Ligand code: TRP
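In this note's numbering, the protein residues as written are 3 to 328.
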């Protein structure tokens, strides 16, 4: 077995990935596969916890998610890419962990309370949604990782995962490490309208999207709202576009833009053109890799990854059952 440190993470297949996903989490995964034994999975059971009433999109989204991942640079030769529901051990561990998880821990989870309040078009009173963090703890602890690369929004779940691990170890003897969240230094990536980038706001730039489609969106986007004419000096720090230059343009280009914008020598149209040029250079290889993956290739990646994940999971389950007296 590999001596490298281990890591695991997952994403719910609820829609196409956008630049915010890439710079917030995926880039971190792509980095990690070089130096850790990394397990990355499509959390299809987690998608069902909220989309159980209409699961029609899930299967399609799973394939698209694997394409986005591999297109962006995850390499099935370097990391294990699999589908959660292909490794039934996750369900078994989730069941075992549910025995030692007080319901009060789940009910006071901030993410749970927030989503219950904010999401009005779905009934989230189901047991599966309440137990979301137990399943997530099982996903994680199964691979006994030191760290989990996730976004900031997942911190309450990570805390619960550590509490569950601690309780298990206390009751039955040490088995699980207490994994830390591995956050990416915050990449500011607002939507094209300045709000949070989100599929439901229609303000995102998706990894799978054609440059032509993106060009139309970018053409219509606001930059610095106070800059009405090119002869007005602009302020990159309130501009909706500038954060993208921070992500995609070289430091020299960024300095150049700042100088040109604040001195009114660079107009927003040219600034957008430079952005589209750099975005195209970023997306082209991604689209090329993505395009090479047909359904059969995706199925093959998931089958091979599932097998490796199950191998690991079987060993953890043998130890967990033994410790719990089964
Ligand atoms: N809750 C995560 C999200 O919404 C997805 C997820 C499920 C996950 N299981 C996990 C992430 C295990 C990391 C580790 O993005």
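Beta carbons: idealized from backbone N, C-alpha and C, even for Gly. In this text, all values refer to a predicted model and were calculated from it rather than measured experimentally.
Here residue 119 is exposed, its C-beta having fewer than 16 other C-beta atoms within 10 Å. Separation of the CB atoms of residue 66 and residue 135 is rounded to 26 Å, and the pair is thereby denied contact status at 8 Å. Between residue 157 and the set 189, 114 and 285, the nearest pair of CA atoms involves 114. Out of 28, 5 and 14, the CA that lies nearest to the CA of residue 184 is found in 28.
Here residue 73 is buried, its C-beta having at least 16 other C-beta atoms within 10 Å. Judged by DSSP secondary structure, residue 85 falls within the beta strand (DSSP E) whose first and last residues are 82-85. Ranked by Cα distance from residue 195, the first of 223, 218, 112 and 180 is 223. Inclusion of residue 15 and residue 40 in the CB contact set at 7 Å is not warranted, their separation being larger than that value. The beta carbons of residue 285 and residue 220 sit about 13 Å from each other, so the pair does not count as a contact at 8 Å. If you compare the alpha carbons of 130, 13 and 316 with that of residue 54, the shortest gap goes to 130. Within the model, the alpha-carbon separation for residue 292 versus residue 84 is close to 17 Å.
When 24, 258, 36 and 253 are compared, the shortest CA-CA separation from residue 6 is found for 36.
Contact between the region 93-113 and the region 138-150 is established, with three or more Cβ pairs separated by less than 8 Å. The beta carbons of residue 147 and residue 8 sit closer together than 7 Å.
Assignment of residue 113 by DSSP, reduced to helix, strand and coil, places it in the helix class. Between residue 133 and the set 47, 80, 150 and 190, the nearest pair of CA atoms involves 47.
In chain order, 207 place their CB closer than 6 Å to the CB of residue 216, counting only its own chain and leaving out the 5 sequence neighbours on each side. Residue 152 is positioned such that its CB atom lies no closer than 7 Å to that of residue 181. Not a single heavy atom of the ligand TRP lies less than 6 Å from the C-beta of residue 8.
Residue 311 sits away from residue 44, with the two beta carbons spaced by 7 Å or more.
Not one heavy atom of the ligand TRP lies closer than 6 Å to the C-beta of residue 46. According to the DSSP assignment, residue 9 belongs to no alpha helix (DSSP H) but to the beta strand (DSSP E) extending over 8-13. Non-local beta-carbon contacts of residue 264 in its own chain, meaning distances under 8 Å to residues more than five positions away in sequence, involve 235, 236, 237 and 238 in chain order. Every unbroken stretch of the beta strand (DSSP E) spanning 3 or more residues and falling wholly within the region 39-63 is given here in chain order: 39-44. The residue among 246, 61, 59 and 205 with its C-alpha nearest the C-alpha of residue 278 is 246. Nearest C-alpha to residue 87 among 13, 32 and 34: 13. Residue 161 and residue 252 have their C-alpha atoms some 37 Å from each other. DSSP places residue 183 in no alpha helix (DSSP H) but in the uninterrupted beta strand (DSSP E) bounded by 182-184.
Annotated three-state conformation of residue 131 is helix, per DSSP. Spatial neighbours of residue 68 in its own chain (CB-CB distance under 8 Å, excluding positions within 5 residues in sequence) are listed in chain order as 44, 83, 295, 300, 303 and 304.
The alpha helix (DSSP H) runs lying completely inside the region 144-213 and spanning 4 residues or more are 157-174, given in chain order.
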